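> Next up is a structure, given as structure tokens.
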Ligand SMILES: Cc1ncc(COP(=O)(O)O)c(C=O)c1O
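Structure below.
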């Protein structure tokens, strides 16, 4: 599913470092560490009529990712919130918008890998776009399993939400070449970790299962799904799950800020059953939607 260019975003204002710029002028330096090494952290947030969903959790993850990468300059929540607020106001965005929030290590005094060359402070980018939910929930999505493994703590801890996304991008290219929507990525042991851009759940005999968050992003929507299930007295288990468990489950769905909860209809050519798990999925989705306003924060 290829996202289309939305002309409503032609004249958006983007916050870079310390002020707003018109879309065409919004740029970072060629010396910025995100250009030199993908050395940045990021978050994707959605704007609902009731406010920004899970704002605090997203800011915490951004700041903790920057801390783990030893950024020497991390802006405080007030600065980030003001930048987001200014951006949304300038673009009159009150709903159906997506924010790509990026914090780069900043500009280097000369090109090179050493973070000590970053002496100009970090660079915050608030890119807000008019954007509907990315996936078509009615149609669902299809996937193949990629041979590109998802990073775990042995290589680059998946808890760090960094912009060095090449292994996920390679997996997505495999999905594109195969003519499907997304790629299932395995951990180094061969267990399923997540899709290239969202977390995964399966339903089997009335129980929700999701991979341990050891080699996947501990998604905020994943956590919300687990909490929603708990509030409904539906068991949700974190486990080592193999492709077999997904192929033979009663329902599979993805969770993520950009698409909320989205069913998978096929993995590696195996049709995923829907009938047995659909009622439970719909009930969880319904509760998920009801819960959204209580997790939204207005700026
Ligand atoms: C690799 C990956 N997995 C899962 C997710 C979903 O996370 P969240 O629910 O916090 O949006 C994302 C979102 O950025 C992601 O990049």
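In the numbering used here, the protein residues as written are 3 to 301. The beta carbon of each residue, even a glycine, is placed where N, CA and C say it ideally should be. Note that the structure is a prediction, hence the values are computed from the model and not measured.
Who are the Cβ neighbours of residue 180 in its own chain at under 7 angstroms, not counting the five residues just before and after it?
Cβ neighbours of residue 180 beyond the five flanking positions: 146.
> Check whether the region 227–236 touches the region 93–111, counting contact only when three or more Cβ pairs, one atom from each stretch, lie closer than 8 angstroms.
The answer is no - the region 93–111 does not touch the region 227–236, with fewer than three Cβ pairs under 8 angstroms.
> What runs of the alpha helix (DSSP H), each 4 residues or longer, lie entirely inside the region 161–202?
Complete alpha helix (DSSP H) runs here, min 4: 168–180.
> Quick one: using the 10 Å Cβ neighbour count with 16 as the cut-off for buried, is residue 120 buried or exposed?
Burial call: buried.
> With respect to the beta strand (DSSP E) encompassing residue 239, which residues constitute its N-terminal and C-terminal limits?
238–241 is the span of the beta strand (DSSP E), which, as asked, contains residue 239.
> Tell me the rounded alpha-carbon separation between residue 283 and residue 253.
Roughly 8 angstroms separates the two Cα atoms.
> Cα-Cα, which of 260, 244, 158 is closest to residue 269?
Closest by alpha carbon: 244.
> For residue 76, collect the residues of the same chain with a Cβ closer than 8 angstroms to its Cβ; drop the 5 residues on either side in sequence, then sort them by chain order.
If we look at residue 76 and ignore the five residues flanking it on each side, its Cβ neighbours are 65, 68, 69, 105, 124.
> For residue 17, report the span of its alpha helix (DSSP H) as first-last.
No alpha helix (DSSP H) contains residue 17, which is instead part of the beta strand (DSSP E) from 15–18.
> Consult DSSP for residue 65 and reduce its assignment to one of helix, strand or coil.
Of the three classes helix, strand and coil, the one that applies to residue 65 here is helix, per DSSP.
> For residue 45, is the classification buried or exposed, using 16 other Cβ atoms within 10 angstroms of its Cβ as the cut-off for buried?
That one is buried.
> Around the Cβ of residue 109, are there at least 16 other Cβ atoms within 10 angstroms (buried) or fewer (exposed)?
Looking at its Cβ environment, which holds 16 or more other Cβ atoms inside 10 Å, residue 109 is buried.
> Starting from residue 24, trace the beta strand (DSSP E) in both directions and tell me its first and last residue.
Run containing residue 24: 21–24, per the beta strand (DSSP E) assignment.
> Using DSSP with H/G/I as helix, E/B as strand and the rest coil, what is residue 245?
The answer is helix: DSSP assigns residue 245 an H, G or I state.
> Write down the C-beta distance between residue 164 and residue 117 rounded to the nearest angstrom, noting that I regard them as a contact closer than 8 angstroms.
Not a contact, Cβ separation roughly 13 angstroms.
> Is DSSP giving residue 209 helix, strand or coil here?
It is a strand residue.
> What whole-angstrom Cβ distance do residue 203 and residue 210 have, given they're in contact under 8 angstroms?
Yes, residue 203 and residue 210 are in contact; Cβ-Cβ is about 6 angstroms, under 8 angstroms.
> Would the beta-carbon of residue 52 fall within 7 angstroms of that of residue 220?
It is not a contact, given that the beta carbons lie outside the stated cut-off.
> For residue 120, which residues does DSSP report across the bridge?
According to DSSP, which records beta bridges pairwise, residue 120 is partnered with 110.
> On a Cα-Cα basis, can you pick out the residue from 35, 28, 17, 148 that is closest to residue 87?
The shortest C-alpha separation from residue 87 is found at 17.
> Does the count of Cβ pairs from the region 171–187 and the region 135–150 closer than 8 angstroms reach three?
The answer is yes - the region 135–150 touches the region 171–187, with three or more Cβ pairs under 8 angstroms.
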